[in-house]
Amino acid sequence: DTAVSQTPKYLVTQMGNDKSIKCEQNLGHDTMYWYKQDSKKFLKIMFSYNNKELIINETVPNRFSPKSPDKAHLNLHINSLELGDSAVYFCASSPFLGHVQTLHFGNGTRLTVT
Amino acid sequence: AQTVTQSQPEMSVQEAETVTLSCTYDTSESDYYLFWYKQPPSRQMILVIRQEAYKQQNATENRFSVNFQKAAKSFSLKISDSQLGDAAMYFCAYSGTGNQFYFGTGTSLTVIP
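For the protein sequence lines, the chains are A and B, in the order given.
So for the first sequence, the working numbering puts the first residue at 18; every next one is plus one.
So for the second sequence, the working numbering puts the first residue at 15; every next one is plus one.
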């Protein structure tokens, strides 16, 4: 069983389109994240949710909107896609405070905007 | 915010030899965790090793070990008996209070047959 699963694995789309990436974790973790990895491999936190509540919202364009219907799911919707949005997007989860902290990653979604 | 610095963008090692990847961090917290993650070409992020700051003993996982120097805020990764499968990007990461994880810029490791 995959601990953190995200779909799709690859996403190719044109500028101006709207797309979503879905993420689910079956680890019972309280906290979920979205990270963006650019072409230089730098990992940047975008959002973090704890029990469906937004706790980290880094400087990310308003075109990016996370949605957490329950603590096992954190989806990412992107409006009006731009060339600069091309990257690998990772979903991750971790237990909340009081537990041994480890970040568990999904396998990533490679987004290509043409 | 805490910062994590990896000063070696690229490293190479001969197969079966030992290599050490460097990492320093900046924090005012006393309780935190440090990690090394491996990202092979498949892009999967794999936890290599974890160190709790309150533990003085250096963590070890098979061929992977760390040298944790809390006062110097240094956390290096040693890979012994390097194998071709060790070739990957290695990221050092920090996590303290607030459940936030901060990553370094990565070190690309090449293993030479």
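We put the CB at the ideal spot given by N, CA and C, even for glycine.
Practice prompt. Report the rounded CA-to-CA distance for S75 (chain A) versus S65 (chain A), giving the unit in angstroms.
Written response: This sequence places Glu at residue 75 (chain A); Ser is not what is there. Roughly 9 Å between the two C-alpha positions.
Worksheet item: So what's P71 (chain A) in DSSP terms, helix, strand or just coil?
Response: The sequence given here places Leu at residue 71 (chain A); Pro does not occur at that position. If DSSP states are grouped into helix, strand and coil, L71 (chain A) belongs with the strands.
Worksheet item: Going by the beta-carbon positions, is the gap between P112 (chain A) and L28 (chain A) smaller than 9 Å?
Response: no
Worksheet item: For chain A, is any of its Cβ atoms less than 9 Å away from the one on S122 (chain B)?
Response: yes
Practice prompt. Take the Cβ of G120 (chain B) as the centre, count every other Cβ of all protein chains shown within 10 Å, and call the residue buried at 16 or more, exposed below.
Written response: So G120 (chain B) counts as buried.
Worksheet item: Does any heavy atom of the ligand GTP sit closer than 8 Å to the C-beta of S96 (chain B)?
Response: The ligand GTP is not part of this structure, which contains no ligands at all.
Discussion item. If you measure between the beta carbons of K69 (chain B) and V33 (chain B), is that distance less than 9 Å?
Written reply: no
Practice prompt. Provide the residue(s) that pair with V62 (chain B) in DSSP beta bridges, ordered along the chain.
Written response: DSSP output for V62 (chain B) lists no bridge partner at all.
Fill in: When A:Q23, A:N124 and A:L100 are compared against S56 (chain A), the one with the closest alpha-carbon
A:L100
Item to complete: Excluding the 5 residues preceding and the 5 following Q118 (chain A) in the sequence, name in chain order all residues of the same chain whose CB lies nearer than 8 Å to its CB.
Response: S111 and P112
Worksheet item: Could you give the C-beta distance for S90 (chain B) and C37 (chain B), rounded to a whole number, given that I count them as a contact under 8 Å?
Response: Yes, S90 (chain B) and C37 (chain B) are in contact; Cβ-Cβ is about 6 Å, under 8 Å.
Fill in: Of the residues A:H46, A:F81, A:I38 and A:V77, the one placed nearest H121 (chain A), counting alpha carbons only
The shortest C-alpha separation from H121 (chain A) is found at A:H46.
Worksheet item: Comparing the C-beta of T74 (chain B) with each C-beta of chain A, is any distance below 9 Å?
Response: no
Discussion item. Against S111 (chain A), what residues of chain B qualify as contacts under a CB-to-CB distance less than 7 Å, listed in chain order?
Written reply: N113
Fill in: Cβ pair Y51 (chain B), Y108 (chain B) closer than 9 Å
no
Discussion item. Taking the straight line between their C-alpha atoms, what separation do you get for M49 (chain A) and A20 (chain A)?
Written reply: 12 Å
Worksheet entry | Cα-Cα separation between R57 (chain B) and H90 (chain A), rounded to whole angstroms | 22 Å
Worksheet item: Alpha carbon to alpha carbon, what distance is there between M63 (chain A) and V77 (chain A)?
Response: 7 Å
Worksheet item: If you run the structure through DSSP and keep just helix, strand and coil, what is L128 (chain A)?
Response: strand
Practice prompt. Report the residue from A:V130, A:T131, A:T129 and A:Y106 whose alpha carbon sits nearest the alpha carbon of S22 (chain A).
Written response: Ranking the options by Cα distance to S22 (chain A), first place goes to A:Y106.
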